[in-house]
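Participant: Residue numbers (our numbering): 22 to 462.
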Amino acid sequence: MAQAILIAIGSFLPMLVMLVVIHELGHYFTAKWLGVKVLEFGVGYPPRAFGIYTGKTKVLLTEETQLINLPNANLLNVGSLVRIYSESTPEGLLIAKAILVQGANGKFPSNPELTLSNTNLLQHEGKIKSAAIDHLIISDMLYSLNWTPLGGFVRLAGENDPSIPQSLASKSPLSRAIILVAGSVMNAIFPIVVFAILFMIPHDTVTGNVIISDISPDSPAAMSGLTPGDHIVSTDGKMIKSTSDLIQSITFNAGSEMEWIVSRGGSPVSILITPRVDPPEGQGATGIRIELANTVTTKQFHPPWTALALGATSTWDMLVLMKQEISRWISGTANPEFSGPIGIAQITGEITTQGGARGWLMLSILISINLAILNILPIPMLDGGRLLFVIIEWVRRGKRIPAEKEGLVHIIGFAALIALVILVSANDINRLLQGGSLLGS
Numbered sequence: 022m023a024q025a026i027l028i029a030i031g032s033f034l035p036m037l038v039m040l041v042v043i044h045e046l047g048h049y050f051t052a053k054w055l056g057v058k059v060l061e062f063g064v065g066y067p068p069r070a071f072g073i074y075t076g077k078t079k080v081l082l083t084e085e086t087q088l089i090n091l092p093n094a095n096l097l098n099v100g101s102l103v104r105i106y107s108e109s110t111p112e113g114l115l116i117a118k119a120i121l122v123q124g125a126n127g128k129f130p131s132n133p134e135l136t137l138s139n140t141n142l143l144q145h146e147g148k149i150k151s152a153a154i155d156h157l158i159i160s161d162m163l164y165s166l167n168w169t170p171l172g173g174f175v176r177l178a179g180e181n182d183p184s185i186p187q188s189l190a191s192k193s194p195l196s197r198a199i200i201l202v203a204g205s206v207m208n209a210i211f212p213i214v215v216f217a218i219l220f221m222i223p224h225d226t227v228t229g230n231v232i233i234s235d236i237s238p239d240s241p242a243a244m245s246g247l248t249p250g251d252h253i254v255s256t257d258g259k260m261i262k263s264t265s266d267l268i269q270s271i272t273f274n275a276g277s278e279m280e281w282i283v284s285r286g287g288s289p290v291s292i293l294i295t296p297r298v299d300p301p302e303g304q305g306a307t308g309i310r311i312e313l314a315n316t317v318t319t320k321q322f323h324p325p326w327t328a329l330a331l332g333a334t335s336t337w338d339m340l341v342l343m344k345q346e347i348s349r350w351i352s353g354t355a356n357p358e359f360s361g362p363i364g365i366a367q368i369t370g371e372i373t374t375q376g377g378a379r380g381w382l383m384l385s386i387l388i389s390i391n392l393a394i395l396n397i398l399p400i401p402m403l404d405g406g407r408l409l410f411v412i413i414e415w416v417r418r419g420k421r422i423p424a425e426k427e428g429l430v431h432i433i434g435f436a437a438l439i440a441l442v443i444l445v446s447a448n449d450i451n452r453l454l455q456g457g458s459l460l461g462s
């Protein structure tokens, strides 16, 4: 039991961190590209474990710059952590209106005496990289690792206030939409890249003649006229050279009539068959058992351009399978089974144990696709929920929903998501205590 828990944690957490970083990099790069100030790139949620400040942001100093905890700018030391309130010039330069220096207790003044005529200022923190009479160079981009390992975030300047310099809210609806969808786009690109790499790596491929060895009574295969010994040549025009070819073809066409070409006694025979959506246990969609005869093992690999195309096709195939599964949920022919972080960790551990690195990668692909879809849905607090408000603003010709009302919707949505995660996790824990496996084995 202890070993299984260690494997689950050791395989799930790296996967979660990888997928979160990939997702957040989409937001990060598009925000930088579109001129939005990125304040923090965080893995996990606070409290913060540790952080590193990077970057070189130039901030101008003037006679009007207020210094808190310091008598003059000459005492601003390299390496000091500062909080700066800046305004922007028409040329995009930042001018410090006030600078707070972290105290000896590691905290900023709780009630600084600031007299700022302009309250629409960029608030950013960082470490002083260099100091001159008229300007500072500060590292104000924070990369943080946080103690709650169930997500990540990119903190942007002015997410709700368009008057703040270099803020997200100051950008056009199109720019904000691009930044919001970029995370899901990265999660969708990840499977294509991983599949492409796998296709480029030399690997053994086993092909041969797919032969029907047995047929269940009253099954679609029995009613269609298939007989044991038939060699399945093609399905709907696609050549069948391996058992995986046939399984994939049947899975993609469950509930739809197919045309199979089989070789019987050396002659081609056309068979019409409709795989079942919800077959009896142990029979499969068509009711056949198969074996691979006259096998040939070849070493295969593909050049990058071909591998990318195959990666895109494989990713699309997984999307089709997910669509079919959702359709079965809606039609009532299949029951949805949800897992929270605990359940997903157990599944990851079991698949890693059974399938090794390849199984781990395939599961990461599946979860990445799920994250791409989930995050783009109009669920409050997620990217899709924020995107919905941007679309509403565009439809209303630039008239925004008040930030307070939007924030309330996201808070309610976040509370609902947390409640759902707790409920599903409780179910996962109950199943684990009963000794069950989420893989059904």
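For every residue, glycine included, the Cβ atom is placed at its ideal position computed from N, Cα and C. Note that the coordinates shown come from a computational prediction; the quantities given were computed from them, not determined experimentally.
Can the beta-carbon of G72 be found less than 8 Å from the beta-carbon of Y164?
Facilitator: Counting from one through the sequence shown, the residue named residue 72 turns up at place 51. Counting from one through the sequence shown, the residue named residue 164 turns up at place 143. A contact, by the Cβ cut-off of 8 Å.
Participant: Distance check for A333 and G250, CA to CA, integer angstroms please.
Facilitator: Your numbering for residue 250 matches position 229 in the sequence shown. Your numbering for residue 333 matches position 312 in the sequence shown. About 35 Å.
Participant: Alpha carbon to alpha carbon, what distance is there between G305 and L398?
Facilitator: Residue mapping note: residue 398 aligns to position 377 of the sequence shown, counting from 1. Residue mapping note: residue 305 aligns to position 284 of the sequence shown, counting from 1. So the alpha carbons of these two residues sit roughly 33 Å apart.
Participant: Given this structure, state the Cα-to-Cα distance separating S245 from R297, to the nearest angstrom.
Facilitator: On the sequence shown, residue 245 is found 224 positions in, with the first residue counted as 1. On the sequence shown, residue 297 is found 276 positions in, with the first residue counted as 1. Between S245 and R297, the C-alpha separation is close to 13 Å.
Participant: Thinking V215 and I386 are a contact (beta carbons under 8 Å), I'd like their distance in whole angstroms, please.
Facilitator: As a position in the sequence shown, residue 215 is number 194, starting the count at 1. As a position in the sequence shown, residue 386 is number 365, starting the count at 1. V215 to I386, Cβ: 6 Å. Contact.
Participant: If you drop the 5 nearest sequence neighbours on each side, which residues of the same chain put their C-beta closer than 6 Å to that of F211?
Facilitator: Position 190 of the sequence shown, counted from the start, is the residue given in the question as residue 211. Excluding positions up to five away in sequence, the list reads I43 and S389.
Participant: Enumerated in chain order, which unbroken segments of the alpha helix (DSSP H) with a length of 4 residues or greater are wholly contained in the stretch 366 to 427?
Facilitator: Complete alpha helix (DSSP H) runs here, min 4: 404 to 416.
Participant: Can you tell me which of M207, I309, I200 and H252 puts its alpha carbon nearest to the alpha carbon of S240?
Facilitator: Taking the sequence shown and counting its residues from 1, one reaches residue 240 at position 219. For S240, the nearest C-alpha among the options comes from I309.
Participant: Taking 8 Å as the threshold (C-beta atoms), are P300 and N167 in contact?
Facilitator: For the purposes of this step, residue 167 is taken as residue 146 along the sequence shown, with counting starting at 1. For the purposes of this step, residue 300 is taken as residue 279 along the sequence shown, with counting starting at 1. The answer is no: Cβ separation not under 8 Å.
Participant: Pick helix, strand or coil for S263, following the three-state DSSP scheme.
Facilitator: Position 242 of the sequence shown, counting from 1, holds the residue named residue 263. DSSP places S263 in coil when its eight states are reduced to three.
Participant: Run through DSSP, which three-state label would P12 get?
Facilitator: Residue coverage of the chain in this structure runs from 22 to 462, which leaves residue 12 outside it and unanswerable.
Participant: Specify the secondary structure class of K58 as computed by DSSP and reduced to three states.
Facilitator: Residue numbering aside, residue 58 sits at position 37 when the sequence shown is read from its first letter. Residue state, collapsed to three classes: coil.
Participant: Quick one: give me the first and last residue of the alpha helix (DSSP H) that F220 is part of.
Facilitator: Numbered from its first residue, the sequence shown carries residue 220 at position 199. Start and end: P194 to M221.
Participant: Rounded to whole angstroms, what is the Cα-Cα separation between T374 and G364?
Facilitator: On the sequence shown, residue 374 is found 353 positions in, with the first residue counted as 1. On the sequence shown, residue 364 is found 343 positions in, with the first residue counted as 1. Going by the C-alpha atoms only, they are around 15 Å apart.
Participant: Can you name the residues that DSSP bridges to G173?
Facilitator: As a working note, residue 173 is residue 152 in the sequence shown. Beta-bridge pairing links G173 to V64.
Participant: Check for me: the alpha helix (DSSP H) holding A243 runs from which residue to which?
Facilitator: Position 222 of the sequence shown, counting from 1, holds the residue named residue 243. That run of the alpha helix (DSSP H) goes P241 to S245.
Participant: Excluding the 5 residues flanking E108 on each side, which residues of the same chain have their C-beta closer than 7 Å to its C-beta?
Facilitator: Residue numbering aside, residue 108 sits at position 87 when the sequence shown is read from its first letter. Answer for E108: I116, K118, N139, L142 and P186, listed in chain order.
Participant: Give the DSSP-derived three-state secondary structure of V298 in the structure shown.
Facilitator: Looking up residue 298 in the sequence shown gives position 277. Coil.
Participant: Whose C-alpha, out of T256, V99, K53 and V80, is nearest the C-alpha of I294?
Facilitator: Here residue 294 refers to the residue found at position 273 when the sequence shown is read from its first residue. Cα-wise, what sits closest to I294 is T256.
Participant: Taking just the CA atoms, how far does L114 sit from V38?
Facilitator: Locating residue 38 in the sequence shown gives position 17, where the first residue counts as 1. Locating residue 114 in the sequence shown gives position 93, where the first residue counts as 1. Computed Cα separation, rounded: 35 Å.
Participant: Within a Cβ cutoff of 7 Å, which residues of the same chain sit near G31, ignoring the five residues on either side of it in sequence?
Facilitator: As a first step, residue 31 must be located in the sequence shown, where it is residue number 10. If we look at G31 and ignore the five residues flanking it on each side, it has no Cβ neighbours.
Participant: In angstroms with no decimal places, state the Cα-to-Cα distance between H224 and T319.
Facilitator: For this step, residue 224 is matched to residue 203 along the sequence shown. For this step, residue 319 is matched to residue 298 along the sequence shown. Approximately 8 Å, taken between the alpha carbons.
Participant: Here's the rule I'm using: 16 or more other beta-carbon atoms within 10 Å means buried, otherwise exposed. How should L444 be labelled?
Facilitator: Within the sequence shown, the letter at position 423 stands for residue 444. The residue in question, L444, is exposed, as its Cβ has fewer than 16 Cβ neighbours within 10 Å.
Participant: Exposed or buried, V59, counting other C-beta atoms within 10 Å across all chains shown (16 or more means buried)?
Facilitator: Residue 59 sits at position 38 when you count from the first residue of the sequence shown. Result: buried.
Participant: What did DSSP end up calling D251 once you bin it into helix, strand or coil?
Facilitator: The residue you call residue 251 lines up with position 230 of the sequence shown. Looking at D251 - three-state DSSP - the assignment turns out to be coil, as it is neither helix nor strand.
Participant: Between P289 and the rest of its own chain, which residues show a CB-CB distance below 8 Å, the 5 nearest in sequence each way excluded?
Facilitator: Here residue 289 refers to the residue found at position 268 of the sequence shown. Only V254, I282 and V283 meet the Cβ criterion.
Participant: In whole angstroms, what is the alpha-carbon distance linking Q144 and E112?
Facilitator: Numbered from 1 along the sequence shown, position 123 holds the residue referred to as residue 144. Numbered from 1 along the sequence shown, position 91 holds the residue referred to as residue 112. About 19 Å.
Participant: With a CB to CB cut of under 7 Å and the five nearest residues on each side skipped, what residues in its chain are close to S462?
Facilitator: As a working note, residue 462 is residue 441 in the sequence shown. Confidence is the limiting factor: at S462 the pLDDT is only 44, short of 50, which leaves the residue's position unreliable, though a coordinate-based value still follows. There are no such residues.
Participant: Could you say which of S360, V175, Q123 and L102 lies nearest to K53 if we only look at CA atoms?
Facilitator: As a first step, residue 53 must be located in the sequence shown, where it is residue number 32. Comparing Cα positions, the closest option is V175.
Participant: Classify M162: buried if its beta carbon has 16 or more other beta carbons within 10 angstroms, exposed otherwise.
Facilitator: Translated into positions along the sequence shown, residue 162 becomes position 141. Buried: at least 16 other Cβ atoms inside 10 Å.
Participant: How many angstroms separate the CA atom of M221 from the CA atom of A328?
Facilitator: For the purposes of this step, residue 221 is identified with residue 200 of the sequence shown, where counting begins at 1. For the purposes of this step, residue 328 is identified with residue 307 of the sequence shown, where counting begins at 1. Roughly 6 Å between the two C-alpha positions.
Participant: Beta carbon of I74, beta carbon of S151: below 8 Å?
Facilitator: Locating residue 74 in the sequence shown gives position 53, counting from the first residue. Locating residue 151 in the sequence shown gives position 130, counting from the first residue. Here the sequence assigns Tyr to residue 74, which means Ile is not the residue at that position. Against a cut-off of 8 Å, the Cβ pair of S151 and Y74 comes out as no contact.
Participant: In three-state DSSP terms, what is P238?
Facilitator: For this step, residue 238 is matched to residue 217 along the sequence shown. The answer is coil: DSSP assigns P238 none of H, G, I, E or B.
Participant: For the pair the stretch 395 to 414 and the stretch 199 to 210, tell me if three or more CB-CB distances fall below 8 Å.
Facilitator: Yes, the stretch 395 to 414 touches the stretch 199 to 210.
Participant: Is the beta carbon of V99 closer than 8 Å to that of I149?
Facilitator: Counting from 1 along the sequence shown, the entry for residue 149 is found at position 128. Counting from 1 along the sequence shown, the entry for residue 99 is found at position 78. Against a cut-off of 8 Å, the Cβ pair of V99 and I149 comes out as a contact.
Participant: Determine the closest residue to L441 out of V64, L81, L267 and S360, with distance taken between C-alpha atoms.
Facilitator: Numbered from its first residue, the sequence shown carries residue 441 at position 420. Considering only alpha carbons, the answer is S360.
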